[in-house]
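Trainee: First residue of the sequence shown: 64, per this note's numbering; consecutive thereafter. Before anything else, here's the structure in question.
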Amino acid sequence: MPNTRSPLLVNLRDALADIDTASLRRRRRTTESPCASQVTLNGRQVLAFASNDYLGLANHPQLVEAAAEGARRWGVGAGASHLVSGHSAVHEALEDELARFVGCEAALVFSTGYMANIAIMPALLGRNDEIFGDRLNHASLVDGALLSRATMRRYPHNDMAALADMLNASSARYKLIATDAVFSMDGDIAPLPSLLELAERHDAWLLVDDAHGFGVLGPRGHGSLAEAGLYADRIILMGTLGKAAGVAGAFVAGSRTLIEWLLQKSRSYIFTTAMPPMQAHILLNSLELIENADDRRRHLSALIARFRDGMAPYAERLMPSTTPIQPVVIGDNAATMDIAAALLERDIWTPAIRPPTVPAGSARLRVSLSAAHSLAQVDQLTAALGEQLSALNARVT
Ligand SMILES: *Cc1c(COP(=O)(O)O)cnc(C)c1O
Numbered sequence: 064m065p066n067t068r069s070p071l072l073v074n075l076r077d078a079l080a081d082i083d084t085a086s087l088r089r090r091r092r093t094t095e096s097p098c099a100s101q102v103t104l105n106g107r108q109v110l111a112f113a114s115n116d117y118l119g120l121a122n123h124p125q126l127v128e129a130a131a132e133g134a135r136r137w138g139v140g141a142g143a144s145h146l147v148s149g150h151s152a153v154h155e156a157l158e159d160e161l162a163r164f165v166g167c168e169a170a171l172v173f174s175t176g177y178m179a180n181i182a183i184m185p186a187l188l189g190r191n192d193e194i195f196g197d198r199l200n201h202a203s204l205v206d207g208a209l210l211s212r213a214t215m216r217r218y219p220h221n222d223m224a225a226l227a228d229m230l231n232a233s234s235a236r237y238k239l240i241a242t243d244a245v246f247s248m249d250g251d252i253a254p255l256p257s258l259l260e261l262a263e264r265h266d267a268w269l270l271v272d273d274a275h276g277f278g279v280l281g282p283r284g285h286g287s288l289a290e291a292g293l294y295a296d297r298i299i300l301m302g303t304l305g306k307a308a309g310v311a312g313a314f315v316a317g318s319r320t321l322i323e324w325l326l327q328k329s330r331s332y333i334f335t336t337a338m339p340p341m342q343a344h345i346l347l348n349s350l351e352l353i354e355n356a357d358d359r360r361r362h363l364s365a366l367i368a369r370f371r372d373g374m375a376p377y378a379e380r381l382m383p384s385t386t387p388i389q390p391v392v393i394g395d396n397a398a399t400m401d402i403a404a405a406l407l408e409r410d411i412w413t414p415a416i417r418p419p420t421v422p423a424g425s426a427r428l429r430v431s432l433s434a435a436h437s438l439a440q441v442d443q444l445t446a447a448l449g450e451q452l453s454a455l456n457a458r459v460t
């Protein structure tokens, strides 16, 4: 018999009850089909606006075939970390291709974006240094900053004047500015040219997390920096390969010197098993699809415009986003959960995002659009959302 009265477990049970009271319990929904615009949940077909599979590649037949081919050619496991014996020619080819793709000298592949973000700052900075991060940065950038032991300063979202003041006041040895390129829960875009200007003026690194721009923005999907036309040695570009690229993994790209340093110093690169080489093979195929997906990106833009048009009567709940991330802000945690549940009743899946993922009082439905959606599916979403929001407005007023 387990001892269920240990104070350790009693404390956890109490804390879980508190989470319930605040409508903050997180639950997973278990899908029974591949990632696509329609998925099976509890045996029911639902229309999903919930993934980051912006180009609809996660279940693309060419990538499924590449997975089989990659496994036949390379087996399924790398067997060791990159620096021991797990680094293969296909990893090398992927790094070369990623560097070319984003227009940098070199790239280093990581197993996940989280692991890439906790690698960079600890490798470059220490106790006497300072990191300046946007208040809405992804949690992995926050964790990377904490691991580095550098002083972390957070500036108000996209507020360049506040950032300039912080930089002016800093006497740190090394400085680094960190930002999401496309903010993951708001969908808006960081002022990258201004950030680079400030980084240059203060001789700081500029770390750009392009998890949501890679594959979606810029010519041929080359990402947010390509869209803004920015290149500089002080830029550290982090991109992820589990969103628009449809697979999993991540990379850091930049100058050859930077990448060599990260290879020497990144603990989450060195002390972990290399991504399966078959995955690198799939990703090479995915990069080719991304570069030739202008039609998908055009369709995605049309879906974004259609969504915002359809939501025009409720424009005050939208955010200034031109990307496939289209939050609908509700505010209250319980109300957000209720609307998400009501939509699911009607076979529409929009995830409810609550604190601490977003600031308190700004709970929202995070609608994400994918090239796999049709205009008619977006119309179905805006019609159902409109009903819920007008009912909510009637309750509030
Ligand atoms: C998803 C995400 C990450 C983490 O990437 P994974 O590959 O999923 O670990 C990092 N930064 C941002 C902004 C993200 O949205």
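Every residue gets a Cβ at the ideal spot worked out from N, C-alpha and C, and that includes glycine.
Taking the C-alpha atoms as reference points, what is the distance between A311 and A235?
Mentor: Here residue 311 refers to the residue found at position 248 when the sequence shown is read from its first residue. Here residue 235 refers to the residue found at position 172 when the sequence shown is read from its first residue. If I take the Cα positions, the gap works out to 36 Å.
Trainee: So, helix, strand or coil for S151, using DSSP?
Mentor: Stepping through the sequence shown from its first residue, residue 151 is reached at position 88. In the structure shown, S151 sits in coil (DSSP, three-state: anything other than H, G, I, E or B).
Trainee: For ligand 1, any of its heavy atoms closer than 7 Å to the Cβ of D249?
Mentor: In the sequence shown, the residue the question calls residue 249 occupies position 186. The answer is no for D249.
Trainee: Nearest by alpha-carbon distance to L321: which of A182, D442 and L118 is it?
Mentor: As a position in the sequence shown, residue 321 is number 258, starting the count at 1. The candidate whose alpha carbon is nearest that of L321 is A182.
Trainee: Hey, how far is the Cα of V153 from the Cα of K306?
Mentor: Sequence index remark: in the sequence shown, residue 153 carries index 90 (1-based). Sequence index remark: in the sequence shown, residue 306 carries index 243 (1-based). Near 21 Å, if we compare the C-alpha coordinates of K306 and V153.
Trainee: Between the Cα of W137 and those of G278, M341, D358 and Y177, spot the shortest distance and give me the residue it belongs to.
Mentor: Looking up residue 137 in the sequence shown gives position 74. For W137, the nearest C-alpha among the options comes from M341.
Trainee: Verify the contact flag: T93, CB atom, against every heavy atom of ligand 1, threshold strictly below 7 Å.
Mentor: Numbered from its first residue, the sequence shown carries residue 93 at position 30. Not so, every heavy atom of ligand 1 lies at least 7 Å from the Cβ.
Trainee: For Y218, which residues does DSSP report across the bridge?
Mentor: Here residue 218 is taken as the residue at index 155 of the sequence shown, counted from 1. For Y218, which the question treats as bridged, DSSP gives the partners D197.
Trainee: Nearest CA to the CA of L381: which residue from L72, G250, S331 and A337?
Mentor: Within the sequence shown, the letter at position 318 stands for residue 381. The residue with the shortest Cα to Cα distance from L381 is G250.
Trainee: With respect to the alpha helix (DSSP H) encompassing K328, which residues constitute its N-terminal and C-terminal limits?
Mentor: The count along the sequence shown starts at 1 and reaches residue 328 at position 265. Unbroken alpha helix (DSSP H) run through K328: R319 to K328.
Trainee: For R107, which three-state DSSP category applies?
Mentor: For this step, residue 107 is matched to residue 44 along the sequence shown. Reduced to three states, the DSSP call for R107 is strand.
Trainee: Thinking just about the alpha-carbon of each residue, which of S211, V245, I194 and Y237 is nearest to the one in H201?
Mentor: One-based indexing of the sequence shown puts residue 201 at position 138. When only C-alpha atoms are compared, the closest one is V245.
Trainee: Contact between the segment 317-333 and the segment 126-143 is defined here as three or more beta-carbon pairs at a separation below 8 Å; is this criterion met?
Mentor: As far as the Cβ criterion goes, the segment 317-333 does not touch the segment 126-143, which means the pair count is below three.
Trainee: Quick one: is the Cβ of A274 within less than 7 Å of any heavy atom of ligand 1?
Mentor: Position 211 of the sequence shown, counting from 1, holds the residue named residue 274. Yes - ligand 1 has a heavy atom lying nearer than 7 Å to the Cβ of A274.
Trainee: Quick one: Cα of G189 to Cα of G302, how far?
Mentor: On the sequence shown, residue 189 is found 126 positions in, with the first residue counted as 1. On the sequence shown, residue 302 is found 239 positions in, with the first residue counted as 1. Answer to the nearest angstrom: the Cα atoms are 24 Å apart.
Trainee: Inspect the beta-carbon positions of F195 and I252 and report whether they are closer than 8 Å.
Mentor: If you number the sequence shown from 1, residue 195 lands on position 132. If you number the sequence shown from 1, residue 252 lands on position 189. Going by C-beta atoms, F195 is not nearer than 8 Å to I252.
Trainee: Which residue wins for smallest C-alpha separation from R92, given the options R429, N105, T84 and T386?
Mentor: Here residue 92 refers to the residue found at position 29 when the sequence shown is read from its first residue. Here the closest residue by C-alpha is N105.
Trainee: For F370, which residues in the same chain have their Cβ closer than 8 Å to its Cβ, ignoring the five residues on either side in sequence?
Mentor: Taking the first residue of the sequence shown as position 1, residue 370 is located at position 307. Closer than 8 Å at the Cβ level, and outside the excluded window around F370, lie Q389, V430, L432, V441, L444 and T445.
Trainee: Note the first and the last residue of the continuous alpha helix (DSSP H) segment covering D357.
Mentor: Along the sequence shown, one-based indexing puts residue 357 at 294. D357 to G373 is the extent of the alpha helix (DSSP H) around D357.
Trainee: Please state the DSSP three-state secondary structure of V391.
Mentor: For the purposes of this step, residue 391 is identified with residue 328 of the sequence shown, where counting begins at 1. Strand.
Trainee: Once you ignore the five residues that flank V421 on each side, which residues in its own chain have a CB closer than 6 Å to its CB?
Mentor: Along the sequence shown, one-based indexing puts residue 421 at 358. Within the same chain, V421 has close Cβ partners M248.
Trainee: Please report the distance separating the alpha-carbon of G394 from that of A365.
Mentor: Within the sequence shown, numbered from 1, the residue matching residue 394 stands at position 331. Within the sequence shown, numbered from 1, the residue matching residue 365 stands at position 302. For G394 and A365, the distance between alpha carbons rounds to 28 Å.
Trainee: Do you know how far the Cα of A186 is from the Cα of L325?
Mentor: Your numbering for residue 325 matches position 262 in the sequence shown. Your numbering for residue 186 matches position 123 in the sequence shown. Rounded to the nearest angstrom, the two C-alpha atoms are 6 Å apart.
Trainee: By Cβ distance, which residues of its chain are closer than 6 Å to Q108, with the 5 residues on each side in sequence left out?
Mentor: On the sequence shown, position 45 is the one that residue 108 refers to. Same-chain partners within the cutoff: Q101.
Trainee: On the criterion of 16 or more Cβ atoms from any shown chain inside 10 Å, does R458 qualify as buried, or is it exposed?
Mentor: Mapped onto the sequence shown, residue 458 falls at position 395. The residue is exposed, with fewer than 16 neighbouring Cβ atoms inside 10 Å.
Trainee: Secondary structure at S203, three-state DSSP: helix, strand or coil?
Mentor: Here residue 203 corresponds to residue number 140 of the sequence shown, with the count starting at 1. Reduced to three states, the DSSP call for S203 is helix.
Trainee: Does the distance between the C-beta of S203 and the nearest non-hydrogen atom of ligand 2 fall short of 7 Å?
Mentor: With respect to ligand 2, the structure shown offers nothing to examine, as its ligands consist of ligand 1.
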